[in-house]
Structure formats: structure tokens, C-alpha cells
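J.: I'd like to ask you about the structure that follows.
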Amino acid sequence: MRRRAALILAGLALPAAARAQGSAPRPRGELWFDPTQLPSFTGTVERYLPNPRGETDALIFREGPQIVFPPDVADAVRQAAPAGRPLVVWGIRARNAPVITMLAFAPASDQPPTVVDRLYWRLGGRLPQERATQLTVSGTVKQPYYAPQGEVAGAILEDGTVVLVPQGTAEGVKDLLKAGATLTAEGMGQAGEGGRALLAGALGESPEALKPIAPPR
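In mature numbering (1 follows the signal peptide of the UniProt record, and there is no 0), the protein residues as written are -20 to -1, 1 to 197.
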């Protein structure tokens, strides 16, 4: 299944010569395929989400779904739809979770779409870098944070803080990542104007209950 998905995504990618020109969004007319033939999803932007590198690479619709996109198009997406405004997204929805990998976007369906010319569907690109700092965050879980393929990969708190967990460990801490759970997390990440995000090394219901996350079996 994963190999098939990879082949589908690769088939939608632009030719190498086009990718070499950079990864800025492209007008529809420059592409060899019509992005509006892809499934479309419309919602109101509730907030933009950071990752532990300090980049913006996702948003959540007020209606619930999570949208992921490359951080280098974040400014263009935000300009098209600031928080509180509607956005139309063309892309690929995970089979078992409300998460969509963006391939094109527009402020409205009657406006020409802008196309994302590289796919952003590997969770590893969100991991903290050397300049990350130690953070401790607490709050109530708004909803799980999903990998583009649909697996639970962490949690989004009510204030927009993103808590990722190491790959393969979510099952062991799933009760702490559910909507409505009280969560404290400690790990490396970034905090700035775009919000807070970290890769957790320890989780608990409170600062006093923090426990290291067990490695995947």
C-alpha cells in the first residue's frame, strides 16, 4: 500500500527540470496537469501550525481537518487565507484520518489555483534541528496530530502548540494524545511568533507525572 501511494504521488510531481527551478508555488497554467481534477476540500482556516524546526507547515480547518504543505509555501498560503478566512485545497486525503496533503490551493473555487510543486509527505522533515531548545508545555489536547499518511504522530493543544512523539511510539501513549486529554510534554523544539512545537521525550498528565516515552517495540 505504501509503495503504491508513493508511486501515485511521484506521478503527480513535476518533472525534475521544473523542480530544479525552486519550490515556490506555480500558477496553474505552467503545469502539465490540471490540479482542479484532484479532490478538493474547502474550509475556514482556524490556525496555522508550526513544527519543531520553527517552520509553519500545516493548518487546521475550523471544520476539523489538518492540511499539510511545504514550509516554503507557508507565506503564500497565509496570504491567500489568513486565519478566519476560507481556503480551497486540492490534494490527497489519508484513507483513515482527517489529514490532507496539499497539492494546490486558492482563496475560492472560482479563482485560479496556485500549485505546490513539491510533495510534503514525510514526517522526518519536521524533526528539530541543532538550534532547537528544551521546552516544557502543558494544556488540553484539541485533536491528534497526524502524519500525512494518517497515523497519529502527536497532539495539537488548544492553544495551537504542536507536540510530536518519536516515530512508532504513539500507540504506547495514545490515551494522552486523545482530544480532551490533559497533557504535559517535554522535549526539543522551537517557540516563537508562529507558536510552539516540540518533539517530546517525556509525556504525562501533569509536570509531576512526566515519564520518558518508551522506545518502539
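Every residue, glycine too, gets a C-beta built ideally from N, C-alpha and C.
These figures come from a predicted structure and were not determined experimentally.
Looking at Val142 and Gly134, is the spacing between their C-beta atoms short of 9 Å?
T.: Start at 1 with the first residue of the sequence shown, and residue 134 comes out as number 154. Start at 1 with the first residue of the sequence shown, and residue 142 comes out as number 162. Yes, Cβ-Cβ distance for Gly134 and Val142 is below 9 Å.
J.: What does the alpha-carbon distance come out to for the pair Ala77 and Leu183?
T.: As a working note, residue 77 is residue 97 in the sequence shown. As a working note, residue 183 is residue 203 in the sequence shown. The straight-line gap from Cα to Cα measures roughly 23 Å.
J.: Please say whether Phe21 and Asn57 have beta carbons closer to each other than 9 Å?
T.: For the purposes of this step, residue 57 is taken as residue 77 along the sequence shown, with counting starting at 1. For the purposes of this step, residue 21 is taken as residue 41 along the sequence shown, with counting starting at 1. One point to set straight first is that residue 57 is Val, not Asn, in the sequence displayed. Against a cut-off of 9 Å, the Cβ pair of Phe21 and Val57 comes out as no contact.
J.: On the DSSP bridge assignment, give the partners of Ile40 in chain order.
T.: As a first step, residue 40 is located in the sequence shown; it is residue number 60 there, counting from the start. Paired residues: Arg27, Gln46.
J.: Are Gly34 and Gly172 touching if we call contact CB-CB under 9 Å?
T.: Start at 1 with the first residue of the sequence shown, and residue 34 comes out as number 54. Start at 1 with the first residue of the sequence shown, and residue 172 comes out as number 192. In contact: Gly34 and Gly172 (Cβ atoms closer than 9 Å).
J.: Please classify Lys191 as buried or exposed, where buried requires at least 16 other C-beta atoms within 10 Å of its C-beta.
T.: Your numbering for residue 191 matches position 211 in the sequence shown. So Lys191 counts as exposed.
J.: May I ask you to list the residues that DSSP assigns as paired with Pro124?
T.: Along the sequence shown, read from residue 1 onward, the residue named residue 124 stands at position 144. Answer is Ala135, bridged to Pro124.
J.: Distance, Cα to Cα, Gln109 vs Leu157?
T.: Translated into positions along the sequence shown, residue 109 becomes position 129. Translated into positions along the sequence shown, residue 157 becomes position 177. C-alpha separation (whole angstroms): 24 Å.
J.: Cβ of Val96 within 9 Å of Cβ of Leu115?
T.: Working through the sequence shown from its first residue, we reach residue 96 at position 116. Working through the sequence shown from its first residue, we reach residue 115 at position 135. Result no, Cβ atoms of Val96 and Leu115 do not sit closer than 9 Å.
J.: Quick check: the Cα distance between Gly119 and Ile136, rounded to an integer number of angstroms?
T.: Taking the sequence shown and counting its residues from 1, one reaches residue 119 at position 139. Taking the sequence shown and counting its residues from 1, one reaches residue 136 at position 156. Each residue's alpha carbon lies about 9 Å from the other.
J.: State the Cα-Cα distance for the pair Thr94 and Gly181, rounded to the nearest angstrom.
T.: Numbered from 1 along the sequence shown, position 114 holds the residue referred to as residue 94. Numbered from 1 along the sequence shown, position 201 holds the residue referred to as residue 181. Computed Cα separation, rounded: 38 Å.
J.: For the alpha helix (DSSP H) containing Gln59, list its first residue and its last residue.
T.: Along the sequence shown, one-based indexing puts residue 59 at 79. Here the alpha helix (DSSP H) through Gln59 covers 54 to 60.
J.: Assign Gln129 to one of three DSSP states: helix, strand, or coil.
T.: Position 149 of the sequence shown, counted from the first residue, corresponds to residue 129. The answer is coil: DSSP assigns Gln129 none of H, G, I, E or B.
J.: Taking the beta carbon of Pro196 as the centre, do at least 16 other beta carbons fall within 10 Å, making it buried, or is it exposed?
T.: Counting from one through the sequence shown, the residue named residue 196 turns up at place 216. Its Cβ having fewer than 16 others within 10 Å, Pro196 is exposed.
J.: Between which two residues does the beta strand (DSSP E) harbouring Thr164 extend?
T.: For this step, residue 164 is matched to residue 184 along the sequence shown. Residues 162 to 172.
J.: If we ignore side chains and look at the alpha-carbon of each, how far apart do Glu185 and Phe49 end up?
T.: Position 205 of the sequence shown, counted from the start, is the residue given in the question as residue 185. Position 69 of the sequence shown, counted from the start, is the residue given in the question as residue 49. Near 31 Å, if we compare the C-alpha coordinates of Phe49 and Glu185.
J.: Here's a check: name, in chain order, each residue in its chain whose Cβ is nearer than 6 Å to the Cβ of Arg42, leaving out the five neighbours to either side.
T.: For the purposes of this step, residue 42 is identified with residue 62 of the sequence shown, where counting begins at 1. Counting only Cβ-Cβ distances below 6 Å, and skipping sequence neighbours, we find Thr24, Glu26.
J.: DSSP three-state label for Ala84, please.
T.: Position 104 of the sequence shown, counted from the first residue, corresponds to residue 84. Ala84: strand per DSSP, three-state reduction.
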